[in-house]
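Report on the structure given below.
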Amino acid sequence: MAWIKTFHLLFVIAWFAGLFYLPRIFVNLAQPQDIPTQVCLLGMAKRLFRFMTILAVPAIALGIYLYSAYGLGRGQLWMHLKWLLVLLLVVYHLYCGQLLKRFQTGRNTYSHRFYRWFNELPVLLLLGILILVIVRPF
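Numbering of the sequence shown is given in our numbering, commencing with residue 5 and proceeding in unit increments.
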């Protein structure tokens with residue numbers, strides 16, 4: 005089971021790296037750019053989003069496996085709240101995909117300041133998840 009935990013953490017960490025970096029690319033895309041820079045940033049964002057999605061799937065699948073194998077937190081509030089935060093992360097991830105499509109079609113309506121704040125959401129979600137898993141306050 006230690007191997008499963010190890011790979012779960014590896015995929016979660018890698019997924020979060022993408023969740024932290026993609027909105028930073030959006031910050032740059034939301035500022036005026038010359039065409040070659042815009043094309044380069046869009047390409048980076050597209051490849052990163054695809055890679056993030058590939059990483060998210062085993063992270064979540066291994067988390068579900070660990071939950072079912074250990075029965076951890078069944079009936080415990082901390083685990084239900086953790087799954088809620090993971091669901092919010094998935095929504096955030098999918099919304100990043102929608103924002104990327106807006107950039108690709110030239111329909112972005114948000115400023116770079118919005119994306120600077122938007123970039124902080126996964127940090128807050130990660131903090132909440134870590135507190136729930138390590139401290140288990142409930």
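For glycine and all other residues, C-beta sits at the position ideal for the given N, C-alpha and C.
Consult DSSP for glutamine 102 and reduce its assignment to one of helix, strand or coil. Residue state, collapsed to three classes: helix.
Leaving out five residues on either side along the sequence, give the residues of the same chain with a beta carbon under 6 Å from the beta carbon of glutamine 80. Excluding sequence neighbours, glutamine 80 sits near nothing in its chain.
What residue range does the alpha helix (DSSP H) around threonine 109 cover? Threonine 109 -> no alpha helix (DSSP H), and no H or E assigned at all.
Distance check for histidine 12 and isoleucine 64, CA to CA, integer angstroms please. The straight-line gap from Cα to Cα measures roughly 8 Å.
Near leucine 89, what residues of its chain come up, given a Cβ to Cβ distance below 8 Å and the 5 sequence neighbours on each side ignored? If you ignore the 5 residues before and after leucine 89, its C-beta comes within less than 8 Å of the C-beta of Leu129, Gly132, Ile133, Leu136, all in its own chain and listed in chain order.
Can you tell me the Cβ-Cβ gap for valine 16 and arginine 120, rounded? I've got them flagged as a contact below 8 Å. About 24 Å separates the two Cβ atoms, so there is no contact after all.
Assuming alanine 21 contacts leucine 33 under a Cβ cut-off of 8 Å, what Cβ separation, rounded to an integer in Å, is found between them? About 19 Å separates the two Cβ atoms, so there is no contact after all.
At which residues does the alpha helix (DSSP H) containing alanine 49 begin and terminate? It spans 39-74 - the alpha helix (DSSP H) in which alanine 49 sits, taken as one unbroken run.
Cβ atoms of tryptophan 19 and alanine 60: under 8 Å apart, would you say? Yes; because the gap between Cβ atoms is below 8 Å, this pair is in contact.
Below 8 Å between beta carbons: does that hold for arginine 28 and asparagine 112? At a Cβ-Cβ threshold of 8 Å, arginine 28 and asparagine 112 do not count as neighbours.
Delimiting residues of the alpha helix (DSSP H) encompassing asparagine 32: That run of the alpha helix (DSSP H) goes 6-33.
Quick test of your reading: proline 126 and tyrosine 96, contact by CB under 8 Å. State the CB separation rounded to the nearest angstrom. Between tyrosine 96 and proline 126 the Cβ distance is about 6 Å, and since that is below 8 Å, they are a contact.
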